[in-house]
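In what follows, a single structure is set out as structure tokens and then discussed.
Take a look at the structure:
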């Protein structure tokens, strides 16, 4: 098992990287709704949810809530900062789908590990 402080540090760095990538100035003009962009959002937040579930296995509701608020907050910031970014409610929806999928996957993995692992101390 990876030490908890290291798991938390990896989660914090991953959140920072996704936050920076989401808010860094861009010179490209946002296009119309593109499926690839939404998949990128969902995959990024799925990854954050998996890492967060590993870092905080007993706090999945807090992880989900924090990631959701962060994902929506990024979209609000993008719409107000004027650095070539544009907030998009569909991006927030894709983030949310990624979070839900990641946490469901984390729960499935946890259940699978419980089934395969012998009970400790019994």
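Numbering (my numbering), first residue to last: 117 to 238.
Virtual Cβ for every residue (Gly too), placed ideally from N, Cα, C.
Problem set entry | Rounded separation between residue 136 and residue 232 - CA only | Position 20 of the chain shown, counted from the start, is the residue given in the question as residue 136. Position 116 of the chain shown, counted from the start, is the residue given in the question as residue 232. So the two alpha carbons sit approximately 39 Å from each other.
Problem set entry | Sub-8 Å separation of residue 219 and residue 180 beta-carbons | If you number the chain shown from 1, residue 219 lands on position 103. If you number the chain shown from 1, residue 180 lands on position 64. Cβ distance < 8 Å, so residue 219 and residue 180 count as in contact.
Problem set entry | Spatial distance of residue 119 from residue 210 (CA atoms) | The sequence position of residue 119 within the chain shown is 3, counting from 1. The sequence position of residue 210 within the chain shown is 94, counting from 1. Going by the C-alpha atoms only, they are around 31 Å apart.
Exercise. If you follow the alpha helix (DSSP H) that residue 194 is part of, which residue opens it and which one closes it?
Worked result: The residue you call residue 194 lines up with position 78 of the chain shown. Unbroken alpha helix (DSSP H) run through residue 194: 176 to 197.
Problem set entry | Close-in-space but distant-in-sequence residues of the same chain around residue 130 (CB under 8 Å, 5 per side omitted) | For this step, residue 130 is matched to residue 14 along the chain shown. Correct list, in chain order: 163, 164, 167.
For this session: Under 8 Å Cβ to Cβ from residue 145, same chain only, skipping five residues before and after it: list those, please.
Result: Walking along the chain shown from the start, residue 145 turns up at place 29. Note that residue 145 scores 49 on pLDDT, short of 50, meaning its location in the model is unreliable; the coordinates nonetheless yield the value given after this. Excluding residues within five positions, the ones whose Cβ falls inside 8 Å are 200.
For this session: Kindly indicate the opening and closing residues of the alpha helix (DSSP H) around residue 226.
Result: Against the chain shown, residue 226 aligns to sequence position 110. Looking at the DSSP string, the run of the alpha helix (DSSP H) that includes residue 226 is 205 to 232.
For this session: Look at residue 138 and residue 188 and say whether their C-beta atoms are less than 8 Å apart.
Result: Walking along the chain shown from the start, residue 138 turns up at place 22. Walking along the chain shown from the start, residue 188 turns up at place 72. Going by C-beta atoms, residue 138 is not nearer than 8 Å to residue 188.
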